[in-house]
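First comes the structure, then the notes that go with it.
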Amino acid sequence: MLKIGCHLSSSKGYLAMGKEAVKIGANTFQFFTRNPRGGKAKDLDLEDVAAYRAFAKEQGLFPILAHAPYTLNACAADEGLRTFAKETMADDLSRLEHLPGSMYNFHPGSHVKQGAEVGIALIAQALNEVLRPEQSTTVLLETMAGKGSEVGRSFEELRAILEQVELSDKLGVCLDTCHVSDGGYDLVNDLDGVLAEFDKVIGLSRLKAIHLNDSMNPLGSHKDRHQKLGEGALGLEALTRVVNHPALRDLPFYLETPNDLDGYAKEIALMKEAYRD
Ligand code: FE
Ligand code: FE
Ligand code: ZN
Numbered sequence: 001m002l003k004i005g006c007h008l009s010s011s012k013g014y015l016a017m018g019k020e021a022v023k024i025g026a027n028t029f030q031f032f033t034r035n036p037r038g039g040k041a042k043d044l045d046l047e048d049v050a051a052y053r054a055f056a057k058e059q060g061l062f063p064i065l066a067h068a069p070y071t072l073n074a075c076a077a078d079e080g081l082r083t084f085a086k087e088t089m090a091d092d093l094s095r096l097e098h099l100p101g102s103m104y105n106f107h108p109g110s111h112v113k114q115g116a117e118v119g120i121a122l123i124a125q126a127l128n129e130v131l132r133p134e135q136s137t138t139v140l141l142e143t144m145a146g147k148g149s150e151v152g153r154s155f156e157e158l159r160a161i162l163e164q165v166e167l168s169d170k171l172g173v174c175l176d177t178c179h180v181s182d183g184g185y186d187l188v189n190d191l192d193g194v195l196a197e198f199d200k201v202i203g204l205s206r207l208k209a210i211h212l213n214d215s216m217n218p219l220g221s222h223k224d225r226h227q228k229l230g231e232g233a234l235g236l237e238a239l240t241r242v243v244n245h246p247a248l249r250d251l252p253f254y255l256e257t258p259n260d261l262d263g264y265a266k267e268i269a270l271m272k273e274a275y276r277d
């Protein structure tokens with residue numbers, strides 16, 4: 001069975017997200033742990049969490065993917081910003097222990113003129129401070145489009161981070177199809193080749209989730225503008241091959257396309273239709 005969902009607003013709490021997911025035909029979902037621009041998270045409503053867990057069990061909504069605020073920069077040149085990133089991640093991870101076995105995705109960061117090597121070392125250092133041996137959450141590094149000085153624009157950069165983290169069994173990778181295409185990996189004409197490259201450089205066993213997006217821009221554009229499925233550079237045929245690929249088909253897929261809930265429901269139905277059971 002295809003595991004698919006989309007990004008949902010977390011403003012009304014976990015149970016509301018779970019119900020929304022089911023309503024649009026999803027069996028998993030992604031959400032921001034707090035305002036995506038950063039800032040303080042609301043106090044965790046433990047009653048809501050308990051109600052959500054019962055609902056999720058009944059509906060088979062598992063695992064879910066939490067997304068860190070995209071403004072966090074674990075490799076900022078400014079120490080205060082790095083500390084903020086680490087404190088936010090540690091706080092998010094401690095809250096996620098109320099939803100055992102979840103995944104937590106984050107953008108590795110932007111090195112801003114320090115160079116990728118320094119960026120990679122700072123990101124690994126942050127993870128070494130934040131990860132705990134007892135945590136049940138898997139932390140995912142997202143493949144990035146390579147906009148500006150983003151770290152994670154190539155599989156090699158992600159591997160370099162993984163290599164420098166001690167508790168690397170807590171780490172995985174989330175592959176974003178828009179970002180990877182913008183980063184220059186040809187998912188349309190050479191999906192097998194891209195996945196072979198991923199396997200060689202990182203190892204497919206690290207791949208835990210897919211952000212399923214079309215891209216407004218051509219291969220290698222380094223732009224990061226998501227498009228509705230079938231309306232961008234990737235197209236429906238290539239995205240259909242992605243969800244059916246033997247190396248990917250059992251992973252959870254998350255839409256982050258420019259859509260309202262109706263639009264998401266249609267894309268979920270479309271991909272379920274395209275999935276070969
Ligand atoms: Fe992201
Ligand atoms: Fe993404
Ligand atoms: Zn993106």
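Just so it is clear: in the sequence shown, position 24 is 24 by the UniProt record's numbering, and no numbers are missing.
C-beta: ideal position from N, C-alpha, C; glycine also.
(request) Decide if residue 89 is buried, meaning its Cβ has at least 16 other Cβ atoms within 10 Å, or exposed. (result) Taking the first residue of the sequence shown as 1, we reach residue 89 at position 89. Residue 89 comes out buried.
(request) Taking 7 Å as the cut-off, decide whether the C-beta atoms of residue 108 and residue 141 are in contact. (result) Translated into positions along the sequence shown, residue 108 becomes position 108. Translated into positions along the sequence shown, residue 141 becomes position 141. Their beta carbons are under 7 Å apart, which means residue 108 touches residue 141 by this criterion.
(request) Could you work out which residue in 51, 65, 122 is closest to residue 27 when comparing CA atoms only? (result) Working through the sequence shown from its first residue, we reach residue 27 at position 27. Of 51, 65, 122, the residue nearest in Cα terms is 65.
(request) Report the three-state DSSP secondary structure of residue 17 (helix, strand or coil). (result) For the purposes of this step, residue 17 is identified with residue 17 of the sequence shown, where counting begins at 1. Helix, per DSSP.
(request) With residue 76 as the anchor, note down where its alpha helix (DSSP H) starts and where it stops. (result) If you number the sequence shown from 1, residue 76 lands on position 76. Per DSSP, residue 76 lies in no alpha helix (DSSP H) segment and is marked neither H nor E.
(message) For a minimum of 3 consecutive residues, which ranges assigned as the beta strand (DSSP E) are wholly contained in the region 147-192?
(response) 171-176
(message) In whole angstroms, give me the CA-to-CA distance for residue 201 and residue 70.
(response) Position 201 of the sequence shown, counted from the start, is the residue given in the question as residue 201. Position 70 of the sequence shown, counted from the start, is the residue given in the question as residue 70. Using only the alpha carbons, I get a separation of about 25 Å.
(request) With a threshold of 6 Å, establish whether the CB of residue 156 neighbours any heavy atom of ligand 2. (result) Looking up residue 156 in the sequence shown gives position 156. No, Cβ of residue 156 sits at least 6 Å from all heavy atoms of ligand 2.
(message) DSSP three-state label for residue 144, please.
(response) Here residue 144 refers to the residue found at position 144 of the sequence shown. Three-state DSSP puts residue 144 in coil, outside helix and strand.
(request) In the DSSP assignment, find the beta strand (DSSP E) that holds residue 103 and state where it starts and stops. (result) By one-based count along the sequence shown, residue 103 stands at place 103. Residue 103 -> beta strand (DSSP E) spans 103-106.
(request) Quick one: using the 10 Å Cβ neighbour count with 16 as the cut-off for buried, is residue 276 buried or exposed? (result) Taking the sequence shown and counting its residues from 1, the one referred to as residue 276 is at position 276. Label assigned to residue 276: exposed.
(request) Would you check whether ligand 2 has a heavy atom nearer than 6 Å to the C-beta of residue 150? (result) Residue mapping note: residue 150 aligns to position 150 of the sequence shown, counting from 1. Not so, every heavy atom of ligand 2 lies at least 6 Å from the Cβ.
(message) Can you tell me where the beta strand (DSSP E) holding residue 5 begins and where it ends?
(response) Here residue 5 refers to the residue found at position 5 when the sequence shown is read from its first residue. Per DSSP, residue 5 belongs to the beta strand (DSSP E) from 3-8.
(message) For residue 208, count the other beta carbons within 10 Å of its own beta carbon; 16 or more makes it buried, fewer makes it exposed. Which is it?
(response) If you number the sequence shown from 1, residue 208 lands on position 208. Label assigned to residue 208: buried.
(message) Would you say the beta carbon of residue 92 is closer than 6 Å to some non-hydrogen atom of ligand 3?
(response) By one-based count along the sequence shown, residue 92 stands at place 92. No; taking the cut-off as 6 Å, the Cβ of residue 92 has no heavy atom of ligand 3 nearer than that.
(message) Tell me the rounded alpha-carbon separation between residue 180 and residue 199.
(response) In the sequence shown, counting from the first residue as 1, residue 180 sits at position 180. In the sequence shown, counting from the first residue as 1, residue 199 sits at position 199. When rounded, the distance between both Cα atoms is 15 Å.
(request) In angstroms with no decimal places, state the Cα-to-Cα distance between residue 172 and residue 262. (result) One-based indexing of the sequence shown puts residue 172 at position 172. One-based indexing of the sequence shown puts residue 262 at position 262. The alpha-carbon atoms of residue 172 and residue 262 are separated by roughly 31 Å.
(message) Less than 6 Å separating the Cβ of residue 224 from some heavy atom of ligand 5?
(response) Ligand 5 is not among the ligands present in this structure, which contains only ligand 1, ligand 2 and ligand 3.
(message) With a threshold of 8 Å, are at least 3 pairs of Cβ atoms found where one atom belongs to the region 107-123 and the other to the region 45-55?
(response) no
(request) Inspect the beta-carbon positions of residue 4 and residue 265 and report whether they are closer than 7 Å. (result) Stepping through the sequence shown from its first residue, residue 4 is reached at position 4. Stepping through the sequence shown from its first residue, residue 265 is reached at position 265. Their beta carbons are not under 7 Å apart, which means residue 4 does not touch residue 265 by this criterion.
(request) Using alpha carbons as the reference points, say which of 148, 87, 158 lies closest to residue 285. (result) The question about residue 285 has no answer, for the chain in this structure spans 1 to 277.
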